[in-house]
Amino acid sequence: MVRIHERRSLWRRLRPYFTVFDGPLALFLFLLLSAGLLTLYSAGIDFPGRVEAQIRNIIVAFIFMWICANIPPQTLMRAAVPIYTFGVALLVAVFLFGTIKKGARRWLHVGVDFQPSEMMKIAMPLMLAWYFQAKSGMLRWHSYVVAAILLMIPVGLIMKQPDLGTALLVAAAGFYVIFLAGLSWKTIIGLALAGAASLPVAWSMMHDYQRERVMTLIDPSADPLGKGFHIIQSTIAVGSGGIFGKGWLHGTQAHLEFIPEHTTDFIFAVYSEEFGLVGNLVLLFLYLLLIGRGLYIAANAPSFFTRLLAGAITMIFFTYAFVNIGMVSGILPVVGVPLPFMSYGGTALLTLGAGAGILMSIQRHRKLVQT
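FYI, the numbering for the sequence shown is 2 to 372, going by the numbering used here.
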């Protein structure tokens, strides 16, 4: 009887650490990951072991999500400045002596190669949410200027690598926090007009490959076997799926190697060809449910810091999905952004898992405060 009592009391002590997952959010993630594995199995037939590797990536991301879900928001707030500072220091290290691959300096080699820019997708909203929490009740116009400077430092370093896709995601993550903190629409419209007026300057500062991507978006048929190949083949795959798709494992564009990067950035083209318009609507609905749940958590968060952080992380999920689907569909330039919880890869999945874990932590601790 004593041993049974001890086991029960041990479970009572450990139980809070294993009941941290938000039910609806976990369900939507499970469905998206399942759809991703199903599509990856078809897309990766010519890549033995890729599905098994992705399952390992999911397990690691799950563990990372569980760890983040167990970290109280107050601890996250205290760690915001050190994490941001460490991330910027790593970006400076990449700039000075990072590993060069395919003409880009994006990696640091510490036993293995890793991209420090990935951590800024979480570190950036953490830092800005902490900053606005510290300034809560004392926000002035110069507060937003300081926030913009904090945002532009890592974004500028990432663009120097160059990595336009990651820079876009980090900039979006920071902008969402600034917007949710109360940036006025007049300021946003003014910044948009200023940005439009500075497009010629921005165009002159872009790398050649970045200008080529924009021109390819405008007219991919100008170089159908070169720069326009990605967009043309992906849009053919999306359109050829029709209403109900060609059926699982029966997509021709991917299996005949017409779709480039069809297990990573262009996996949506494989999914569209095999599951058609109906499948796309189901997938979009799952993303809407995921984003809706995140916004619900943000709206009911107990503090200014957690509301800003939850809102920004949720909108990061939206940005990932919007940019990737727009890129594959030919309405946005190709910038190398994966489809969240669908594309093959470990680094992005870790970042997304960490974001989901933080949302679960915020929701869990809101309930603890209420009780």
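Cβ coordinates follow ideal geometry from the N, Cα and C atoms, glycine included. As the structure is a prediction and not an experimental result, all values here were calculated from the model.
Using only the heavy atoms of the ligand ATP, determine whether one of them is closer than 8 Å to the beta carbon of F63.
This structure simply doesn't include the ligand ATP, nor any ligand for that matter.
G24: buried (16+ other C-beta within 10 angstroms of its C-beta) or exposed?
It counts as exposed.
For R51, collect the residues of the same chain with a Cβ closer than 7 Å to its Cβ; drop the 5 residues on either side in sequence, then sort them by chain order.
L41, G45, T264, Y345, listed in sequence order.
Is it buried or exposed for K161, if we count other Cβ within 10 angstroms and need 16 for buried?
It is exposed - the Cβ of K161 has fewer than 16 other Cβ atoms within 10 Å.
When the distance is taken between beta carbons, is L33 closer than 9 Å to L291?
Cβ atoms of L291 and L33: closer than 9 Å.
Kindly confirm or deny that the segment 62–77 and the segment 315–328 touch, where touching means at least three C-beta pairs closer than 8 Å.
Output reads no: the segment 315–328 does not touch the segment 62–77.
In the DSSP assignment, the beta strand (DSSP E) including A105 goes from what residue to what residue?
Counting along the chain, the beta strand (DSSP E) containing A105 begins and ends at 105–111.
Are the segment 347–364 and the segment 300–314 touching, with three or more C-beta to C-beta distances below 8 Å?
They touch, by the three-pair rule.
Going by DSSP, what residue range makes up the alpha helix (DSSP H) through I332?
That residue, I332, is in no alpha helix (DSSP H); it is neither H nor E in DSSP.
Looking at the secondary structure, which residues open and close the beta strand (DSSP E) in which T100 lies?
That run of the beta strand (DSSP E) goes 100–102.
Residues bridged to F115 by DSSP?
According to DSSP, which records beta bridges pairwise, F115 is partnered with L109.
Out of S185, F323, A94, which one is the CA nearest neighbour of W142?
That would be S185, whose Cα lies nearest to the Cα of W142.
Tell me whether K122 sits in a helix, a strand or coil according to DSSP, three-state version.
Residue state, collapsed to three classes: helix.
Does the beta carbon of E258 sit closer than 9 Å to a beta carbon anywhere in chain D?
Of the protein chains in the structure, only one exists, and it is not chain D.
Give the DSSP-derived three-state secondary structure of N71 in the structure shown.
It is coil, neither helix nor strand.
Spatial neighbours of L39 within its chain, please: CB distance less than 8 Å, with the 5 preceding and 5 following residues excluded, ordered by chain position.
Result list for L39: W249, in chain order.
Can you check which of these residues, A172, S199, A238, L257, is closest to T320 by C-alpha distance?
Checking every option, the nearest Cα to that of T320 belongs to A172.
When the Cα atoms are used, what is the spatial distance from A105 to F31?
Cα to Cα, A105 sits roughly 34 Å from F31.
Going by beta-carbon coordinates alone, are G295 and L26 separated by less than 9 Å?
Cβ distance < 9 Å, so G295 and L26 count as in contact.
If you draw a straight line from the C-alpha of V283 to the C-alpha of G337, how long is it?
So the alpha carbons of these two residues sit roughly 24 Å apart.
Could you tell me the alpha carbon to alpha carbon distance between R57 and F96, rounded to whole angstroms?
Whole-angstrom Cα-Cα distance: 31 Å.
According to DSSP, is V338 part of a helix, a strand, or is it coil?
Reduced to three states, the DSSP call for V338 is coil.
Quick one, which of Q364, A355, R367, R365 has its alpha-carbon nearest A124's?
Out of Q364, A355, R367, R365, A355 has the C-alpha closest to the C-alpha of A124.
Using three-state DSSP, classify E275 as helix, strand or coil.
Three-state result, E275: helix.
Quick one: is R1 buried, meaning 16 or more other Cβ sit within 10 Å of its Cβ, or exposed?
This structure cannot speak to residue 1, because the chain is shown only from 2 to 372.
For the candidate residues F176, L169, S137, whose alpha-carbon lies nearest to that of A148?
Residue F176 is the option with its Cα nearest to A148.
I believe G88 touches M121 by the beta-carbon criterion, under 8 Å. Please report the beta-carbon distance rounded to the nearest angstrom.
Between M121 and G88 the Cβ distance is about 5 Å, and since that is below 8 Å, they are a contact.
When the distance is taken between beta carbons, is A322 closer than 9 Å to Y288?
Result yes, Cβ atoms of Y288 and A322 sit closer than 9 Å.
How far does the alpha helix (DSSP H) with I159 in it extend, from its first residue to its last?
Unbroken alpha helix (DSSP H) run through I159: 142–160.
Please state if the CB of H256 and the CB of I43 are separated by a distance shorter than 9 Å.
Note that residue 43 corresponds to Ser in the displayed sequence, not to Ile. A contact, by the Cβ cut-off of 9 Å.
Can you list, in chain order, the residues of its chain whose CB lies under 8 Å from that of K342, leaving out five sequence neighbours each side?
In the sequence as presented, Lys is not what sits at residue 342; that position holds Phe. Contacts found: L30, L33, L34, G37, L350, L353.
Have a look at G240 and S273 and give me their C-alpha separation to the nearest angstrom.
Straight-line Cα distance between these residues: approximately 8 Å.
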